[in-house]
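Q: Questions regarding the structure given below will be posed in turn.
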């Protein structure tokens, strides 16, 4: 099968629906995943116009944040991810220099007041633009008998690995 | 805290990096989550120009597909989701009529040949535009002690619930 049926030249526009606030003012030293960010608190500030969409979300203990890696300027198809010294395809990593710089983190939801969500286990740099919030549901989002390829022998480094700024442009 | 610091009027452009193929030619009767789509096979056709980014992905048993709900024309902040007769905020559901119509599914990766990924447990309508592929990693993506709010008493319906087309415009 070729890729001839894939539309080309089309782009899709999304809007910024809010901001993610965190203690991390720059990518350096941000935990690379929520598992390394235990207890780190932050906030989601949703634009007021979307506040009605939060109805009944407070009953969920965890949410999926989908956001824009706004500090990334272009992409690489081959990257050296944080936890390895060997290069891998970008789609085999969670590195931010992706063809579409979309980030995904599962964070703990502590509470909601009006348009503000208090969150915990935040591995996201301050002022990151928010694209979507989804409830985290084990029946939708958890799988068993998982294999994790090249990460198998590297995953033990997760909690001590932090962003070293390698994916953003030096000023 | 107000939302005054949230930038307004800005939009973010993403590109279509591939297509998701599946047996579901229209949203009607699509399983509403991969858990209801066990054994359903499909394909990801990545554009050739991104093929190098697949290096080492084949070692992963599951991948996260992030895609564009291309059949959705506008959003609702309050929706009646598939598994309930009561309305909920859109962010407390996985319904597609979101402010940014971004979909997320975790599917099984059966194999990769060139730019084609063979996948299973596909709950996605045919020819859905692909935005990103991420490896699914339990240490990143699984949490314990989860509460699921309004879904708690509804989740047992998951496997028998199918899309009834309620979120797309009637022709």
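Residue numbers (the numbering used here), protein chains in the order written: chain S, 1 to 171; chain R, 172 to 342. Where a beta carbon is used, it is the ideal one built from N, C-alpha and C, also for glycine. Bear in mind the structure is a predicted one, so any value in this text is a computation, not a measurement.
#1: Do residue 228 (chain R) and residue 306 (chain R) count as a contact pair if the criterion is CB distance below 8 Å?
#2: Below 6 Å CB to CB, which residues in the same chain sit around residue 46 (chain S) once its five sequence neighbours on both sides are set aside?
#3: Check distances from the C-beta atoms of the region 40-70 of chain S to those of chain R and list, in chain order, the residues that come in under 9 Å.
#4: Per DSSP, what kind of secondary structure is residue 93 (chain S) in: helix, strand or coil?
#5: Counting only Cβ pairs nearer than 8 Å, list the residues of chain S close to residue 275 (chain R).
#6: Taking buried to mean at least 16 other C-beta atoms within 10 Å of its own C-beta, is residue 200 (chain R) buried or exposed?
#7: To the nearest angstrom, how far is the alpha carbon of residue 83 (chain S) from that of residue 161 (chain S)?
#8: Only counting the same chain, and skipping five residues up and downstream in sequence, which positions put a Cβ closer than 7 Å to that of residue 201 (chain S)?
#9: Take every Cβ of the region 224-241 of chain R, pair it with every Cβ of the region 63-80 of chain S, and state whether three or more of those distances are shorter than 8 Å.
#10: Hey, how far is the Cα of residue 284 (chain R) from the Cα of residue 277 (chain R)?
#11: Where DSSP assigns a beta bridge to residue 105 (chain S), which residues make up the other side?
#12: Let me see if you follow: with CB-CB separation under 8 Å, is residue 312 (chain R) close to chain S or not?
#13: Helix, strand or coil for residue 80 (chain S)? Go by DSSP, reduced to three states.
#14: If you reduce the DSSP assignment to three classes, tell me which class residue 45 (chain S) lands in.
#15: Is it right to say residue 93 (chain S) is buried, meaning 16 or more other beta carbons lie within 10 angstroms of its own, or is it exposed?
#16: Are the Cβ atoms of residue 294 (chain R) and residue 194 (chain R) separated by less than 8 Å?
#17: Quick one: grab the DSSP three-state call for residue 243 (chain R).
#18: What's the C-alpha gap between residue 152 (chain S) and residue 16 (chain S)?
#19: Return no unless some Cβ of chain R is closer than 8 Å to the Cβ of residue 100 (chain S).
#20: Beta carbons nearer than 8 Å to chain R: which residues of the region 12-23 of chain S have them?
#21: Look at residue 204 (chain S) and residue 27 (chain S) and say whether their C-beta atoms are less than 8 Å apart.
#22: Any Cβ of chain S within less than 8 Å of the Cβ of residue 289 (chain R)?
#23: At a Cβ threshold of 8 Å, is residue 295 (chain R) touching chain S?
#24: Got a sec? Which residues, its chain only, sit under 7 Å from residue 281 (chain R) by beta carbon, not counting five neighbours each side?
#25: Exposed or buried, which one is residue 156 (chain S) when buried takes at least 16 other CB atoms within 10 Å?
#26: Give every residue of the same chain whose Cβ lies closer than 8 Å to the Cβ of residue 273 (chain R), excluding the five residues on either side of it in the sequence, and list them in chain order.
#27: Mind listing which residues of the region 258-269 of chain R have their C-beta closer than 9 Å to chain S's C-betas, in chain order?
#28: Do you know offhand how far residue 127 (chain S)'s Cα is from residue 266 (chain R)'s?
#29: Hey, residue 183 (chain R) and residue 91 (chain S): beta-carbon distance below 8 Å or not?
#30: Report yes or no: is there a C-beta of chain S within less than 8 Å of the C-beta of residue 248 (chain R)?
#31: Within 10 Å of its beta-carbon, does residue 221 (chain R) have 16 or more other beta-carbons around it, so buried, or fewer, so exposed?
#32: Using 8 Å for Cβ pairs, my map puts residue 168 (chain S) next to residue 71 (chain S). What's the rounded Cβ distance?
#33: Going by C-alpha distance, which of R:312, R:296, R:317 and R:219 is nearest residue 212 (chain R)?
A: In terms of the structure at hand:
#1: yes
#2: 18 and 115
#3: 43, 45, 46, 47, 48, 49, 50, 51, 52, 53, 54, 55, 56, 57, 58, 59, 60, 61, 62, 63, 64, 66, 68 and 70
#4: coil
#5: Counting only Cβ-Cβ distances below 8 Å, residue 275 (chain R) has contacts in chain S at 64, 66, 104 and 134, in chain order.
#6: With fewer than 16 neighbouring CB atoms inside 10 Å of its own CB, residue 200 (chain R) falls in the exposed class.
#7: Cα to Cα, the separation comes out at about 7 Å.
#8: This structure gives no information on residue 201 (chain S), because the portion of chain S shown stretches from 1 to 171.
#9: yes
#10: Looking at the two C-alpha atoms, the distance is approximately 20 Å.
#11: S:65, per the DSSP bridge assignment.
#12: yes
#13: coil
#14: Residue state for residue 45 (chain S) is assigned as strand, using DSSP reduced to three classes.
#15: buried
#16: Here residue 294 (chain R) is not near residue 194 (chain R), since their CB atoms are 8 Å or more apart.
#17: coil
#18: Near 35 Å, if we compare the C-alpha coordinates of residue 16 (chain S) and residue 152 (chain S).
#19: So yes, residue 100 (chain S) belongs to the interface.
#20: 12, 13, 14, 15, 16, 17, 18 and 19
#21: Since the first and last residues shown for chain S are 1 and 171, residue 204 (chain S) lies out of range.
#22: Not an interface residue.
#23: no
#24: 289, 290 and 291
#25: exposed
#26: 237, 238, 239, 240 and 302
#27: The region 258-269 of chain R vs chain S, Cβ under 9 Å: 258, 259, 260, 261, 262, 263, 264, 265 and 269.
#28: 27 Å
#29: no
#30: yes
#31: buried
#32: 5 Å
#33: R:296
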